[in-house]
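Engineer: Chains as they are written, first to last, in our numbering: chain F, 1 to 105; chain L, 106 to 210. Cβ atoms here follow ideal geometry from the backbone N, Cα and C, with glycine treated the same way. Please read all numbers here as calculations on a predicted model, not as lab measurements.
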């Protein structure tokens, strides 16, 4: 679902990924990380799409909230597995959302 | 393809979309806009994925470059068609990329 009606400034984490061949356990962990992220302080929303490339954008109130989520133990364990097993490549960008507009029919 | 090795600060435009039922002409225009964007001043790269949701992130050197691309006539015409025909909903966010890191096997 599209995350709408947030008020800049806030932060976005753009996580772009290419999966490796070994994706055993990936779906389960991705679901768990999604539901865990939603419980964190400062979490504002998440959008996700995958074709060859996967793009997940999560939205946060502050850089401190992103850092705290990064330090979450279960999330840290998942990141280690991600590097070891699931991802052939990824890029993570932390951005300040300055402007935004939307449209809905 | 993942856009890697850019050096913050630079800008990201996160364009999240849900398509409407009428997508006649969409693919052709999307391809044309991709190739046209690549020729613009300040264009740094583009990443795209679609499942139910489409997420396209384009990267730019400056806010002025994004504004200039927005004012491109062919791009403006495509945006009008997008609202009229192709999109049920979209959200566009303009962000300053402050930090980034990546991983490749």
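Any chance the CB of residue 56 (chain F) is under 7 Å from a heavy atom of the ligand ADP?
Structural biologist: By its list of ligands, the structure shown contains no ligand whatsoever, and the ligand ADP lies outside what it can speak to.
Engineer: Determine which residues of the region 151-162 of chain L have a Cβ less than 9 Å from any Cβ of chain F, and write them out in chain order.
Structural biologist: Under the 9 Å Cβ criterion, the region 151-162 of chain L contributes 152, 153, 154, 155, 156, 157, 158, 159, 160, 161, 162.
Engineer: Is residue 76 (chain F) buried or exposed, if buried means 16 or more other CB atoms sit within 10 Å of its CB?
Structural biologist: Locating residue 76 (chain F) in the first chain gives position 76, counting from the first residue. Its Cβ having fewer than 16 others within 10 Å, residue 76 (chain F) is exposed.
Engineer: Answer with yes or no whether the minimum CB distance from residue 197 (chain L) to chain F is below 8 Å.
Structural biologist: If you number the second chain from 1, residue 197 (chain L) lands on position 92. Interface residue, yes.
Engineer: Name the residue from F:31, F:96, F:104 whose alpha carbon lies nearest to the alpha carbon of residue 66 (chain F).
Structural biologist: By 1-based counting over the first chain, the position of residue 66 (chain F) is 66. Nearest of F:31, F:96, F:104 to residue 66 (chain F), Cα basis: F:96.
Engineer: Assuming residue 94 (chain F) contacts residue 204 (chain L) (C-beta within less than 8 Å), just tell me the rounded distance between them.
Structural biologist: Here the question's residue 94 (chain F) lines up with position 94 in the first chain. Here the question's residue 204 (chain L) lines up with position 99 in the second chain. Right, the Cβ-Cβ distance comes to about 4 Å (below 8 Å), so this counts as a contact.
Engineer: Taking 8 Å as the threshold (C-beta atoms), are residue 192 (chain L) and residue 103 (chain F) in contact?
Structural biologist: Residue mapping note: residue 103 (chain F) aligns to position 103 of the first chain, counting from 1. Residue mapping note: residue 192 (chain L) aligns to position 87 of the second chain, counting from 1. Yes, they are a contact pair.
Engineer: Could you work out which residues of chain F lie near residue 142 (chain L), taking near to mean beta carbons separated by less than 7 Å?
Structural biologist: Along the second chain, one-based indexing puts residue 142 (chain L) at 37. Within chain F, no residue comes near residue 142 (chain L); the closest Cβ sits about 17 Å away, beyond 7 Å.
Engineer: Can you list the residues of chain A that residue 100 (chain F) reaches, using a CB-CB cut of under 8 Å?
Structural biologist: No chain A is part of this structure, whose protein chains are labelled F and L.
Engineer: Specify, as a first and last residue, the run of the alpha helix (DSSP H) that residue 34 (chain F) falls within.
Structural biologist: In the first chain, residue 34 (chain F) corresponds to position 34, counting from 1. Element bounds for residue 34 (chain F): 26-37.
Engineer: Under 8 Å between the Cβ atoms of residue 108 (chain L) and residue 89 (chain F)?
Structural biologist: What you label residue 108 (chain L) is simply residue 3 of the second chain in a count that begins at 1. What you label residue 89 (chain F) is simply residue 89 of the first chain in a count that begins at 1. For residue 108 (chain L) and residue 89 (chain F), no; Cβs fall outside 8 Å.
Engineer: Which runs of the alpha helix (DSSP H) at least 4 residues long sit entirely within the region 55-82 of chain F? Give them in chain order.
Structural biologist: Complete alpha helix (DSSP H) runs here, min 4: 63-71, 73-81.
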